[in-house]
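Asks:
Numbering (the numbering used here), first residue to last: 7 to 81.
1) Find out if the Cβ-Cβ distance for the pair residue 38, residue 15 is shorter than 8 Å.
2) Relative to the C-alpha of residue 66, which candidate in 25, 33 and 76 has its C-alpha closest?
3) From what residue to what residue does the alpha helix (DSSP H) around residue 65 run?
4) By the 10 Å Cβ neighbour count, where 16 or more other Cβ atoms means buried, how is residue 63 classified, buried or exposed?
5) Of the residues 49, 22, 21 and 72, which one's Cα is nearest the Cα of residue 33?
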């Protein structure tokens with residue numbers, strides 16, 4: 007089981023690159039603000055880092071569909 011470290015939000019802000027490097031090596035952190043957990047930082051598993059194509063809008067129209075047009079159609 008991987009060890010999760012507790013990390014203050016201020017410490018993370020001030021030393022971001024240090025913690026990015028540690029996360030890339032497999033460590034994970036629970037970030038707290040005023041002693042309350044607010045979020046977790048962990049590396050992306052190999053399978054989780056892959057994007058799945060749900061819809062290829064270039065098949066509907068050459069060049070795709072503008073985002074604002076898509077949002078109107080979704081409403």
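Just so it is clear, CB atoms sit at the ideal spot from N, CA and C, and this is done for glycine as well.
Replies: Judging by the given coordinates:
1) yes
2) 76
3) Element bounds for residue 65: n/a, residue is neither H nor E.
4) exposed
5) 49
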